[in-house]
Amino acid sequence: MHCPFCNADETKVIDSRLVAEGGQVRRRRECLSCKERFTTYEMPELLMPRVIKQDETREPFDEEKLRAGLLRALEKRPVSIERIEGAISQIQHQLRATGEREVTSRMVGELVMEHLRELD
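Quick note: the sequence shown, position 80, residue 1061 per my numbering, numbers continuous.
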């Protein structure tokens, strides 16, 4: 880890703690050159599968596209933003849990429909 103060390569970890319900690691570090201390946060990089569209083209999963679609579908319904965000998280979790590198747009659509039924 590079020191943000002097850009030296060598730092040491002084303290590590789990934060955000165990989803992140907070590390307190000290630069071995300038002795300044700083904090870093580490979290796993969770890669979403690519989406295979009906015309066989492939595109990266787009969380904003999912959010916009759900908001459009529920704009006149009494559903809180928190519940919509929860559904987005659950859909992403279900897609990652497949273990596949690519999923069909149909599969994404079916998951969205399941969650829309639960929300409304």
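Glycine is no exception: its CB is placed at the ideal position from the N, C-alpha and C atoms. Since the structure is predicted, the reported quantities are computational estimates derived from the model, not experimental observations.
Ser1061 sits in coil when the DSSP states are folded into three classes, being neither helix nor strand.
For Leu999, the enclosing beta strand (DSSP E) stretches over residues 992-1000. Two segments are said to touch when three or more pairs of C-beta atoms, one from each, lie closer than 8 Å; by this definition the region 1080-1099 touches the region 1020-1031. Around Gly1004, the same chain offers Met1024 as residues with beta carbons nearer than 7 Å, after the five sequence neighbours per side are excluded. For Arg1018, there is no enclosing alpha helix (DSSP H); the residue is part of the beta strand (DSSP E) that begins and ends at 1018-1023. Close CB contacts of Arg1018 within its chain, under the 6 Å cut and outside five residues either way in sequence, are with Glu1011 (chain order). The C-beta distance from Ile1065 to Leu1055 rounds to 6 Å, short enough to meet the 8 Å contact threshold. DSSP, read as helix, strand or coil, puts Arg1082 in coil. Closest by C-alpha distance to Leu1097, out of Ile1072, Arg1008, Gly1080, is Ile1072.
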